[in-house]
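Asker: Protein chains in written order, with my numbering: chain A, 1 to 385; chain B, 1001 to 1385.
We put the CB at the ideal spot given by N, CA and C, even for glycine.
If you scroll down you'll find the structure; I have some questions about it.
Protein chains: 2
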Amino acid sequence: MFAHLGADVIKVESPRGELLRYREDPEVESREFMMLNSSKRSLPIDLKTSDGRQIFLDLIDRADVLIENFSLGVMERLGLGADELMKRNPRLIYARGTGYGSEGVLSGLSAMDLTVQAIAGVISTTGFPDGKPVKTGPAFVDFMAGIHLFAAAVSALYQRERDGHGQLVQAAMYDTIVPTLASPMAAYESGKNAPERVGNRHSGLSVAPYNVYTAKDGYLAIFCVSNRHWRRLLTCMAREDLLDDPRFGTPHARAQNMDAVDELVETFTSTRTRAEIAEILREQDVPSAPVQTVGEVSNDEHLIQNGMIQTVRHRVLGEVTVPGCAIRLDGAPPVATAAPALGADTGDVLSQLLGYDAQRIQELVQAGITVSTTRSEMAVAADEA
Amino acid sequence: MFAHLGADVIKVESPRGELLRYREDPEVESREFMMLNSSKRSLPIDLKTSDGRQIFLDLIDRADVLIENFSLGVMERLGLGADELMKRNPRLIYARGTGYGSEGVLSGLSAMDLTVQAIAGVISTTGFPDGKPVKTGPAFVDFMAGIHLFAAAVSALYQRERDGHGQLVQAAMYDTIVPTLASPMAAYESGKNAPERVGNRHSGLSVAPYNVYTAKDGYLAIFCVSNRHWRRLLTCMAREDLLDDPRFGTPHARAQNMDAVDELVETFTSTRTRAEIAEILREQDVPSAPVQTVGEVSNDEHLIQNGMIQTVRHRVLGEVTVPGCAIRLDGAPPVATAAPALGADTGDVLSQLLGYDAQRIQELVQAGITVSTTRSEMAVAADEA
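Take a look at the structure:
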């Protein structure tokens, strides 16, 4: 997010590359790596050497924000703990991402998107009432944690304008999910006997139509918030004969007759394509959307138009799809540049930003403390969206 | 988020109250409303009257940030469009939340958490390969959109420190989900023939163990990132006899023998409780977590300890659970105060902030343009967590 919004972001990773970079092939960046590292610069550092630590400390002296998500205690063991770094640079924002925070009984436990989905109630509330609980396809805990940590760091930058001081800011994966449970937690707290999982229905089983329906060529979601939406939907379905049917006249009545409502709607949807249905429902502004496959999202005209799906070029993979920036400030959406090859910016950062001379850089490279490639080896030209 | 972090947040809603406030009972706030409106102040305004608009404009003159998520065009029709407001107060940050942004073919369409989960590929990637696609239990699109909009507004506040100007910032629900698809989109782009849905397995089917397993008293997730984790898990399961088994020796081999891996693990888990398994696995630091129910999350000792689960008091509901703030700046976690009764702060805001006299306030209340109650009617004392 910082890189998209124009900050100079320097990615520090091991001289062997971080895990995701070469997950598939030891010499070719994975597509996931490309998707998550647009518009950054690369400076690999072996932080276990004293020369490596010195490079890092020199960077810290000039940095506004450090973002790290090592296991708790790793930075301290490297001699790079928050206290130490903030003593060196009192204006530094030290942003720490963790699974479970730095205090409390779970603090320090290993955490992954899957395991936090489990503990945070995401898995138990997802799936059908008669089926096994299931995780969410997208790794949404990872991304909730990331955007919270970004927001925390920017908040601290703003605070620094007032008091001149940096600070330690934190976001824990588990914590960021708790507010998203508002609806099921409200149902639980009020003692309602709602099932733990409701498939595609409303979590309190109190709204209908609210479901995913079968179309001729896939699925689509329909959600009638108000009686007005319902009456319009009846018009779309050419079922005005039901306008005065007491089984469906109020939200409460429709919730009581949910199976009948869903059957009615599916009778309409199952003989039409998603596009045909979308056209009919949009005319009446009934909230609805097709269940798109990932391939359809990847090629969505709307997302390409608005810069959320962009293309960068990679020396081996060719054109690679990368996400744009969902935060829109004034002006045109930022254009992503391809994730850097390992060490693509080592020379520039060490010489221009830190003032190292050519001989010193060569020594560091020869000692394996860093790696230096050139941008041209990666062919990083960004395509216009 | 602003209120949690100490800003004076004034919630402007209709004199009848917003939809969520009285969803269950026309006189008692819903628990969901309480969960989403901690630490704010309430000033109801009928924006369709000229006197109401004037109150709003007087607020804008003193505001740093306006956050709104009306349908596109509503603010303009009220005479309160971004251009107009920012002309009045050039330092204003106008933060607009939408479903699909203000440009592009989908712009202006109705959007709800359910329908955006559908179009953004969340539903198609969630569920079992042989089952119907299913939405995520938590309304995660709503919360992704909210935290992005918060981050956008804070970014603009920081920018304003440099150039002195406010700006329009935006976050669209659909856009915020696109980056979370990195793994399935990478699989799609690389032409892999992975199934659209993989249940609780790794989306590329390239990691094992990675699944949700059955315990005696529920489910739990286990995820072995490395060979080290796998060897430790074998120790936990007292299956050191398999340490040299070629079927399981490498990540690739385990992925090839995924069914056998899962069967082995479930043989171990199915005869033990989640707590027994957790104790065994934590000793060896194998990433794992119980699949907690919402009730278990709501009572989680760790979350109560760290202030993510707090309690406020409501005049009718009694003790209500509310989420804390997942962004942690220096110092103790902020303590949530109960969501305000409708109009609880009308008198204070109009007199102290805007300088209206008592007679004017009385006239506005009598004309139904606003509503005024007192804080004591709500009994808003916050409990210590």
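Can you list the residues of chain B that A/Pro184 reaches, using a CB-CB cut of under 8 Å?
Answerer: Here the question's residue 184 of chain A lines up with position 184 in the first sequence. Ordered by position in chain B, the residues that pass the 8 Å Cβ test against A/Pro184 are Gly1137, Pro1138 and Val1294.
Asker: Only counting the same chain, and skipping five residues up and downstream in sequence, which positions put a Cβ closer than 8 Å to that of B/Val1169?
Answerer: For this step, residue 1169 of chain B is matched to residue 169 along the second sequence. Cβ neighbours of B/Val1169 beyond the five flanking positions: Ile1093, Tyr1094, Ala1095, Arg1096, Leu1149, Ala1152, Ala1153, Ser1155 and Ala1156.
Asker: Let me see if you follow: with CB-CB separation under 8 Å, is A/Asn69 close to chain B or not?
Answerer: On the first sequence, residue 69 of chain A is found 69 positions in, with the first residue counted as 1. It does not: the Cβ of A/Asn69 has no partner Cβ on chain B nearer than 8 Å.
Asker: Classify B/Lys1048 as helix, strand or coil using the three-state DSSP reduction.
Answerer: In the second sequence, counting from the first residue as 1, residue 1048 of chain B sits at position 48. Here B/Lys1048 sits in coil by DSSP.
Asker: Among B/Phe1248, B/Val1320 and B/Val1212, whose alpha-carbon lies nearest the alpha-carbon of B/Arg1388?
Answerer: The requested residue 1388 of chain B is not part of the displayed model; chain B covers only 1001 to 1385.
Asker: Output yes or no for whether 8 Å exceeds the beta carbon distance between A/Gln292 and B/Gly1104.
Answerer: If you number the first sequence from 1, residue 292 of chain A lands on position 292. If you number the second sequence from 1, residue 1104 of chain B lands on position 104. Result no, Cβ atoms of A/Gln292 and B/Gly1104 do not sit closer than 8 Å.
Asker: Looking at the structure shown, is B/Ala1332 part of a helix, part of a strand, or coil, going by DSSP?
Answerer: Numbered from 1 along the second sequence, position 332 holds the residue referred to as residue 1332 of chain B. B/Ala1332 carries a coil assignment under DSSP once its states are collapsed to helix, strand and coil.
Asker: Run down chain B in chain order and give the residues with a C-beta less than 7 Å from the C-beta of A/Glu32.
Answerer: Here the question's residue 32 of chain A lines up with position 32 in the first sequence. Ala1182, Ser1183 and Ala1186, listed in chain order.
Asker: Taking the CB atoms as reference points, tell me whether B/Ser1124 and A/Val294 lie closer together than 8 Å.
Answerer: Residue numbering aside, residue 1124 of chain B sits at position 124 when the second sequence is read from its first letter. Residue numbering aside, residue 294 of chain A sits at position 294 when the first sequence is read from its first letter. Cβ atoms of B/Ser1124 and A/Val294: closer than 8 Å.
Asker: Once the 5 residues before and after B/Thr1267 are set aside, which same chain residues still bring their CB inside 6 Å of it?
Answerer: As a position in the second sequence, residue 1267 of chain B is number 267, starting the count at 1. Result list for B/Thr1267: empty, nothing under 6 Å.
Asker: What does the alpha-carbon distance come out to for the pair B/Val1316 and B/Ile1010?
Answerer: Working through the second sequence from its first residue, we reach residue 1316 of chain B at position 316. Working through the second sequence from its first residue, we reach residue 1010 of chain B at position 10. Taking C-alpha positions only, B/Val1316 is separated from B/Ile1010 by approximately 23 Å.
Asker: Look up A/Asn389 in the DSSP assignment and say whether it is helix, strand or coil.
Answerer: Absent from the structure is residue 389 of chain A, since the part of chain A shown begins at 1 and ends at 385.
Asker: Applying the 10 Å Cβ sphere with the 16-neighbour rule, what's the burial state of B/Val1349?
Answerer: In the second sequence, residue 1349 of chain B corresponds to position 349, counting from 1. The residue is buried, with at least 16 neighbouring Cβ atoms inside 10 Å.
Asker: By the DSSP assignment, the alpha helix (DSSP H) with A/Phe268 in it spans what residues?
Answerer: Working through the first sequence from its first residue, we reach residue 268 of chain A at position 268. Start and end: Met258 to Thr269.
Asker: Just to confirm, is the Cβ distance from B/Glu1032 to B/Leu1019 under 8 Å?
Answerer: Locating residue 1032 of chain B in the second sequence gives position 32, counting from the first residue. Locating residue 1019 of chain B in the second sequence gives position 19, counting from the first residue. No. Outside cutoff.
Asker: Count the other CB atoms within 10 Å of the CB of B/Arg1062; is the residue buried (16 or more) or exposed (fewer)?
Answerer: Here residue 1062 of chain B is taken as the residue at index 62 of the second sequence, counted from 1. That one is exposed.
Asker: Got a sec: which bits of the segment 263-294 of chain A sit with their beta carbon under 9 Å from any beta carbon on chain B, in order along the chain?
Answerer: Flagged, chain order: Arg282, Asp285, Val286, Pro287, Ser288, Ala289, Pro290, Val291, Gln292, Thr293 and Val294.
Asker: What residues in the segment 1345-1379 of chain B bring their beta carbon closer than 7 Å to a beta carbon of chain A?
Answerer: none
Asker: I believe B/Val1178 touches A/Pro323 by the beta-carbon criterion, under 8 Å. Please report the beta-carbon distance rounded to the nearest angstrom.
Answerer: Here residue 1178 of chain B is taken as the residue at index 178 of the second sequence, counted from 1. Here residue 323 of chain A is taken as the residue at index 323 of the first sequence, counted from 1. The pair is a contact, with the Cβ atoms about 5 Å apart (cut-off 8 Å).
Asker: Measuring alpha carbon to alpha carbon, tell me which residue in A/Asp244, A/Ile60, A/Ala171 and A/Ala182 is nearest A/Arg228.
Answerer: Counting from 1 along the first sequence, the entry for residue 228 of chain A is found at position 228. It is A/Asp244.
Asker: Quick one: does A/Tyr210 have its CB under 8 Å from some CB of chain B?
Answerer: Position 210 of the first sequence, counting from 1, holds the residue named residue 210 of chain A. So, interface residue.
Asker: Apply the 10 Å Cβ neighbour rule to A/Ile369 and answer buried if 16 or more other Cβ atoms are within range, or exposed otherwise.
Answerer: Numbered from 1 along the first sequence, position 369 holds the residue referred to as residue 369 of chain A. Burial call: buried.
Asker: What are the residues in the segment 1090-1101 of chain B lying within 8 Å of chain A by C-beta distance?
Answerer: Tyr1100 and Gly1101
Asker: Using DSSP's beta-bridge definition, name the partner residues of A/His386.
Answerer: Only positions 1 to 385 of chain A appear in the structure, and residue 386 of chain A is not among them; the question remains open.
Asker: By DSSP's criteria, A/Pro323 is part of a beta bridge. Which residues make up the other side?
Answerer: As a position in the first sequence, residue 323 of chain A is number 323, starting the count at 1. A/Pro323 pairs with A/Ile309.
Asker: When you compare the CB of B/His1252 with every CB in chain A, is at least one pair closer than 8 Å?
Answerer: For this step, residue 1252 of chain B is matched to residue 252 along the second sequence. Taking Cβ atoms only, chain A never reaches closer than 8 Å to B/His1252, which makes this a no.
Asker: How about B/Pro1026: is its C-beta nearer than 8 Å to some C-beta of chain A?
Answerer: By 1-based counting over the second sequence, the position of residue 1026 of chain B is 26. Not one chain A Cβ lies under 8 Å of B/Pro1026.
Asker: Report the neighbours of A/Pro133 on chain B: residues whose CB is nearer than 7 Å to its CB, in chain order.
Answerer: If you number the first sequence from 1, residue 133 of chain A lands on position 133. Correct list: Val1212, Tyr1219 and Val1291.
Asker: Roughly how far, in whole angstroms, is the beta-carbon of A/Ser39 from the beta-carbon of A/Thr337, given that I think they are within contact range, below 8 Å?
Answerer: Position 39 of the first sequence holds residue 39 of chain A. Position 337 of the first sequence holds residue 337 of chain A. Yes, they are in contact, since the Cβ atoms of A/Ser39 and A/Thr337 sit about 5 Å apart, within 8 Å.
Asker: Taking DSSP as the reference, what is the three-state secondary structure of B/Ala1381?
Answerer: For the purposes of this step, residue 1381 of chain B is taken as residue 381 along the second sequence, with counting starting at 1. Legend: pLDDT at B/Ala1381 = 38, less than 50; position of this residue unreliable, value from coordinates given subsequently. Taken through DSSP and simplified to helix, strand or coil, B/Ala1381 comes out as coil.
Asker: Where does B/Ser1376 fall in DSSP's three states?
Answerer: Position 376 of the second sequence, counted from the first residue, corresponds to residue 1376 of chain B. With a pLDDT of only 47 at B/Ser1376, under 50, the local geometry of the prediction cannot be trusted, and the value read off the model is given with reservation. Correct three-state label for B/Ser1376: helix.
Asker: Helix or strand or just coil, what does DSSP make of A/Arg254?
Answerer: Here residue 254 of chain A refers to the residue found at position 254 of the first sequence. Three-state result, A/Arg254: helix.
Asker: Any residues in the segment 1050-1061 of chain B with a beta carbon nearer than 8 Å to a beta carbon of chain A? Which ones, in chain order?
Answerer: Of all residues in the segment 1050-1061 of chain B, none has a Cβ within less than 8 Å of some Cβ in chain A.
Asker: Are the Cβ atoms of A/Glu13 and A/Pro44 separated by less than 8 Å?
Answerer: As a first step, residue 13 of chain A is located in the first sequence; it is residue number 13 there, counting from the start. As a first step, residue 44 of chain A is located in the first sequence; it is residue number 44 there, counting from the start. A contact, by the Cβ cut-off of 8 Å.
Asker: Kindly say whether A/Leu329, judged by its beta-carbon, lies nearer than 8 Å to any beta-carbon of chain B.
Answerer: Mapped onto the first sequence, residue 329 of chain A falls at position 329. So yes, A/Leu329 belongs to the interface.
Asker: Could you tell me whether any Cβ in chain B is nearer than 8 Å to the Cβ of A/Gly318?
Answerer: Locating residue 318 of chain A in the first sequence gives position 318, where the first residue counts as 1. Not one chain B Cβ lies under 8 Å of A/Gly318.
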